[in-house]
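Worksheet: the structure to be examined is printed underneath.
2 protein chains.
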Amino acid sequence: MSGDNKSGTSPAIFCPAPGPRGDVVVLGHGSGGRLTADLVSTTFLPALSNPILDRLADGAEFDIGASRAVFTTDSFVVNPLRFPGGDIGSLAVNGTINDLAVMGGRPLGLSAAFILEEGLPIDELRAIVHSMRDAASRAGIQIVAADTKVVERGKADGLFITTSGIGVLPEGLRLGPENVRAGDAVLASGPIGDHGIAVMSAREGLQFETTLLSDCAPLNALVATMLESGSAIRCMRDPTRGGVATILNELAKGAGAEIMIDEAAVPVRAAVRAACELLGLDPLYVACEGRLLAIVADADADRVLDAMRTHAIGSGSCRIGTVTALGRSRVLLRTAFGTTRLLEVLAGAQLPRIC
Amino acid sequence: MSGDNKSGTSPAIFCPAPGPRGDVVVLGHGSGGRLTADLVSTTFLPALSNPILDRLADGAEFDIGASRAVFTTDSFVVNPLRFPGGDIGSLAVNGTINDLAVMGGRPLGLSAAFILEEGLPIDELRAIVHSMRDAASRAGIQIVAADTKVVERGKADGLFITTSGIGVLPEGLRLGPENVRAGDAVLASGPIGDHGIAVMSAREGLQFETTLLSDCAPLNALVATMLESGSAIRCMRDPTRGGVATILNELAKGAGAEIMIDEAAVPVRAAVRAACELLGLDPLYVACEGRLLAIVADADADRVLDAMRTHAIGSGSCRIGTVTALGRSRVLLRTAFGTTRLLEVLAGAQLPRIC
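Top to bottom, those sequences are chains Z and D. So the first sequence is numbered by numbering that gives the first Met the number 0: it starts at 0 and just counts up by one. So the second sequence is numbered by numbering that gives the first Met the number 0: it starts at 0 and just counts up by one.
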C-alpha cells in the first residue's frame, strides 16, 4: 500500500486542523474522525445519552413486539452531486442500507428527506430521484416515507438528502465488537478508497489513466450470504468517513482489543494508489461506500471469504489482519517496510463532503 | 375568524407565485401546498411509487413480525433557529412525534441527523441539542440514532435537522381517511396558527401587545387519551405546512368527502388574528406544530372533546365542522358573513421555512 504517512500520525490535507478545539463548528467536525468524536462526546452525548445511543453503533437496536429491529439515519451532503459511479441519490440509498446490513439487519424500508435549494433544476432533481429508485430496486428495498423542504438560494448547496432505514435482525443474531476474541481474523470485502478518490477526482477535475468508479453499492445481499454461511461472524462495519483506519480503531475500542493490520494485504487499486500519492493522502483514511470490514473467528475465515467472493461486490475479499490480543484498544500497522506503527483515527478533515 | 380572503383563492404573500411551473425549484415547492403536491406527483412518485408511499400519509405503515409499525421522516429548516416558544430542536422532535401520533402510533424512538454550517457557534448547537433532550423527555421518547455532517460556510443556514421516528400501532387500530362517514364531526385541538405567526414575528421583528408563543408541543399523550376514550376516531392529522385549510383538503381528498367548516367555530387567538390582518394572511393557512385535526363519529364527538380537554394542550378543543357528504372531495367554508365558499389548498409559498 502506498501513500504511507511519514509523520506516523493521520493526515489532514484539505483543511487546516483547528488548533485547540474552537468554539465554532469546523469542517473537521464532519470528518468522521477525531473531531467528530469530540463533538459527539462533548455536545451530543451529554444531553442525549441513553443506553441505545451510547453504543455509538451504525444504528440503534431495540425490540418491536417479538422482533429485534435496527434503525439508522444519515444525512448526505456530497459535493459534487454526481461522481463517477454514483450520485447523491444512490449514495443516500446505499449508505443507509449498508448501515443496516453491517448490523446484521435485513432492511425493511427507507425514508428520504430532501432539502432543496431554490433554483435547483427540476431535471437534476428528477435524475437523482431516478437514481434513488434504481439503487433501491437493486437492493430490493422500497422508499416508504419522504419529505421535501426548500430553502432560499444560497442557503443550501443544490440539495441534501437524509435517509433513515428500518431493518429486522435474524432471530438470535447479536453482532457487535463485544463478541471479538483474540486470534479472530479481520476481513475486507474489496479494494479500499475508490469512493473517496472518485468524488475527489470529480470535485477537483483530476484525470487518471483509467476511469476510477466509486464503490458505492448495497451490501445487504453480501451480508445475507455471509450470515447464511454459518460462520462465527463477530461484527461488521462499513468503512465510510474516516476510512478503514478510523473504523478499525472504533472496532478496537468497542472490543477492547489490539488489531494488527498487514499493510501489504490491504487491497488498493493502482488508480487509488496513484491518486493518493499525487494528493498526499493515505488510502487507509479514504472512504468506501460499498465495502465492509468483518471480524470473524479465525477457523471460519476461509469459509466466509469463499462465500463473500461469490458476490460481484465481494470478489476482492481478503484477510487484512488479526486480533492479536484483548485488553488494550489499539490498531497496529505492519508496514510494507516491515516496521510496525500505531494506526490512529483520522484527525482533521482529510476529505470533506465525500458523503 | 379574521384575515378572510377577499379573492376566494388562497393567498401567496411572501413569495411571488411562479407562473407556469418552471424548470427550477422555487420556495413554493416547500410550502406544503399545491406546488409541493405538484413536485411530489411529477417528480417523486413517478420514480418511487409503491403502495405504502403512494398513500401520502404522514408516514408509512408496515408489519414487523406480528406488530404494525409506523415510520416517518421530516427535515427542519426553520428560520430563525429560535422563536418564541421553541427552536429548531424542539420543533424537530415534536414534529416527528406528532406525525407518528396522528397515525395512532406510540413512538418508540427517534433519530436525528444534523447538517451543520461551518462557523456555527458550538454553544448554539449545544443549546439546541439540550432543547431536543427536553422535548424528547417531555414526550417520554429517546433519540436512539444520530448523524452529523458539516458543510462549508455559506452552504447551509446555521443548521438543519432531520428527524425520523418509529412507532407501533395498538392492535387492530387502523386510522385513515378511508374510514370517514357522512355526518362525522371535524374537531380541532386548540387555537390555530400560533406557530407560524410566532416564527414570522421572530423573523420580521414584529412586536405584538402580548407575547405570542408557538404551539410547538408533543401530541402523543393527547392522542393516547383520545384513543383510550373508546370513541370511533376515523383519522387525525396535524395541520403543519399549508395550515388547516390544506390539511382539510388532503383529508377530503383521501376520504372522497365534502367537509363543511364553520369559520366562526375555528379558534384563533386575538394576537394571531391581529398579525394576520397586519400581514394579509389567512389563519386557515398558517401552520401549527402542536395541534391536531380529528374526524370522529358524530355520536362520539362530545366524548372525544371531553377527553381532549383534560390535557393542557387540548384544553381549547372544539368542533369546527362536519363531513356533509361522501362522493365529492372538497372543503367548504361557511364564513362569518353567512356565505359559503370553497376553501382551497395553499397556492404559492405563504410562509416559507416555518418548519
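The C-beta atom is built at its ideal place from N, Cα and C for all residues, glycine as well. The structure presented is a predicted model; accordingly, all values stated were derived computationally and were not measured.
- Using a CB distance cut-off of 8 Å, residue 165(D) counts as an interface residue toward chain Z.
- Taking each of 246(Z), 201(Z), 159(Z) in turn and checking the Cα distance to residue 260(Z), the smallest one comes out for 246(Z).
- Going by DSSP, residue 253(D) is part of the alpha helix (DSSP H) stretching over 242 to 254.
- Looking at the backbone, the Cα of residue 176(Z) and that of residue 237(Z) are separated by about 14 Å.
- Within the segment 80 to 105 of chain D, not one residue has a Cβ closer than 8 Å to any Cβ of chain Z.
- At a cut-off of 8 Å between beta-carbon atoms, residue 241(Z) makes no contact with chain D.
- Of all C-beta pairs linking the segment 178 to 185 of chain Z to the segment 85 to 92 of chain D, fewer than three are shorter than 8 Å, placing the two stretches out of contact.
- In this structure the segment 182 to 194 of chain D lies against the segment 316 to 331 of chain D, because at least three pairs of beta carbons, one per stretch, are closer than 8 Å.
- Distance from the CA atom of residue 281(D) to the CA atom of residue 274(D), rounded to whole angstroms, is 10 Å.
- When only Cα atoms are considered, residue 203(D) and residue 58(D) end up about 33 Å apart.
- Annotated three-state conformation of residue 320(D) is strand, per DSSP.
- The residue among 163(Z), 348(Z), 146(Z) with its C-alpha nearest the C-alpha of residue 34(Z) is 348(Z).
- Only residues of its own chain outside the window of five on either side were considered, and among them 200, 270, 273, 274 have a CB closer than 8 Å to the CB of residue 207(D), listed in chain order.
- Remark: C-beta atoms of residue 222(D) and residue 100(D) approach each other more closely than 8 Å.
- In the structure shown, residue 144(Z) falls within a strand segment according to DSSP collapsed to helix, strand and coil.
- Interface criterion not met: the Cβ of residue 276(D) is under 8 Å from no Cβ in chain Z.
- Using a 10 angstroms sphere on the CB of residue 155(Z), the tally of other CB atoms reaches 16 or more, which defines it as buried.
- Under DSSP, residue 288(D) forms no beta bridge with any residue.
- Looking only at 146(D), 205(D), 114(D), 193(D), the smallest Cα-Cα distance to residue 277(D) is reached by 205(D).
- Contact note: residue 305(Z) does not reach chain D at a C-beta cutoff of 9 Å; the least C-beta distance is about 32 Å.
- Separation of residue 227(Z) and residue 216(Z) (C-alpha to C-alpha, rounded to the nearest whole angstrom) is 20 Å.
- Residues of chain Z whose Cβ lies closer than 8 Å to the Cβ of residue 64(D) are, in chain order, 63, 64, 65, 66, 167.
- Chain-ordered, the chain D residues with CB closer than 9 Å to the CB of residue 131(Z) read 46, 47.
- Cα atoms of residue 287(Z) and residue 339(Z): separation of roughly 25 Å, rounded to the nearest angstrom.
- Listed along chain D, the residues sitting closer than 8 Å to residue 115(Z) by beta-carbon distance are 24, 28, 29.
- Using a Cβ distance threshold of 8 Å, residue 47(Z) and residue 132(D) count as a contacting pair.
- The segment 119 to 127 of chain D makes no contact with the segment 162 to 176 of chain D; the number of CB pairs closer than 8 Å stays below 3.
- The alpha helix (DSSP H) runs of length 4 or more contained entirely in the segment 88 to 162 of chain Z are, from start to end of the chain, 121 to 138.
- Its chain contains 127, 130, 131 as the residues whose beta carbon lies nearer than 6 Å to that of residue 88(Z), once the 5 sequence neighbours on both sides are disregarded; these appear in chain order.
- For the pair of segments examined, the segment 80 to 87 of chain Z was found not to touch the segment 141 to 157 of chain D: the number of CB pairs separated by less than 8 Å stays below three.
- Scanning its chain for C-beta atoms nearer than 6 Å, with the 5 sequence neighbours on each side dropped, one finds around residue 60(Z) the residues 69, in chain order.
- The distance from the Cβ of residue 158(D) to that of residue 109(D) is about 17 Å, inconsistent with a contact at the 8 Å cut-off.
- The three-state reading of DSSP puts residue 261(Z) in strand, counting E and B together.
- At a cut-off of 8 Å between beta carbons, residue 144(D) contacts chain Z.
- Between residue 206(Z) and chain D, the shortest Cβ-Cβ separation is not below 8 Å.
- Partner residues in the beta bridge of residue 82(D), as assigned by DSSP, are 85(D).
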